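The opening position of the sequence shown corresponds to residue 1 in full-length UniProt numbering, with each subsequent residue numbered one higher. Even for Gly, the Cβ is constructed at its ideal location relative to N, Cα and C. Since this is a predicted model, take the numbers as computed values, not measurements.
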Amino acid sequence: MTQSIETCLQQWHDVVKHQDMALLNDILADEVEFHSPTVWKPKEGKQITAYILKTVMGIFQDFTYRRQFISGNSVVLEFSAMVAGKNIKGIDMIRWNEQGKIEHFEVMLRPLNGLQAMLEIMTADLQKAGFVPKD
C-alpha cells in the first residue's frame with residue numbers, strides 16, 4: 001500500500017468524526033463495493049457508497065467505535081449507536097486497495113428491531129433519491 005493502514009484508518013475516523021464528505025470522496029475507490037445490512041445486493045461505485053454512508057451518519061445517534069481489529073489492509077470496527085430510539089451494535093469491515101482507497105465496505109447490525117428500523121429509514125431515503133425502485 002502507498003500509505004500505512006494506520007493512516008488510512010485515521011482518515012476514516014476523521015470522516016466519521018467530522019462528517020467530512022470531501023475527505024470521504026477522496027478515500028473511496030471509484031469501484032468501491034458496499035454491502036449493506038438493509039440491501040440484499042451489494043452496491044458498486046463511489047457515488048452510491050458515499051450517499052449511503054452520508055445518510056447513515058445522519059441517522060445514527062450517539063455513534064461510537066468500541067474496538068478495532070487490523071489484519072493487513074483490512075479492519076473490523078465494532079460500534080454502537082441509536083436508531084429511532086433503539087440501541088444497536090454492529091461492525092464495519094473495511095478493506096483498502098494498494099493506493100490507500102477503500103475498495104470494500106461491509107456493515108452488519110444487530111438486534112433485529114434496530115435493523116428493521118434502519119431498513120425502513122434507509123429504504124425510504126434510497127427510494128426518494130432514486131437509488132432503489134419504489135415497490
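Neighbourhood of residue i by C-beta distance below 8 Å, restricted to the same chain and skipping five residues each side
i: Thr7; result: Gly100
i: Glu103; result: Ala29, Glu31, Val32, Glu33, Arg95, Trp96, Asn97
i: Asn25; result: Lys46, Ala50
i: Gln68; result: Leu9, Val75, Val76, Leu77, Glu78
i: Ala124; result: none
Under 7 Å between C-beta atoms of residue i and residue j
i: Leu23; j: Val15; result: yes
i: Phe105; j: Phe34; result: yes
i: Lys54; j: Met21; result: yes
i: Ile5; j: Ile70; result: yes
i: Val107; j: Pro37; result: yes
i: Met57; j: Gln19; result: yes
Residue interval of the alpha helix (DSSP H) (run including residue i)
i: Gly58; result: 46 to 59
i: Met82; result: Careful: Met82 lies outside any alpha helix (DSSP H), inside the beta strand (DSSP E) at 74 to 83.
Boundaries (first-last residue) of the beta strand (DSSP E) holding residue i
i: Trp40; result: It is not in any beta strand (DSSP E) - Trp40 carries neither H nor E in the DSSP assignment.
i: Asp30; result: 28 to 35
Same chain, Cβ closer than 6 Å to residue i, five either side skipped, listed in chain order
i: Val88; result: In the sequence as displayed, the identity of residue 88 is Ile instead of Val. Taken in chain order, the residues that qualify are Ala81, Leu109, Gly114.
i: Ala84; result: Ala117
i: residue 137; result: The structure shown has nothing for residue 137, since the chain only spans 1 to 135.
i: Thr2; result: Gln99, Gly100
Neighbour flag for residue i against chain C, beta carbons, 7 Å
i: Asn73; result: The structure shown contains no chain C; it is built from a single protein chain.
For residue i, three-class secondary structure by DSSP
i: Gly100; result: coil
i: Gly130; result: coil
i: Met108; result: strand
i: Phe64; result: The sequence given here places Thr at residue 64; Phe does not occur at that position. DSSP places Thr64 in strand when its eight states are reduced to three.
i: Met1; result: coil
i: Asp14; result: helix
i: Asp125; result: helix
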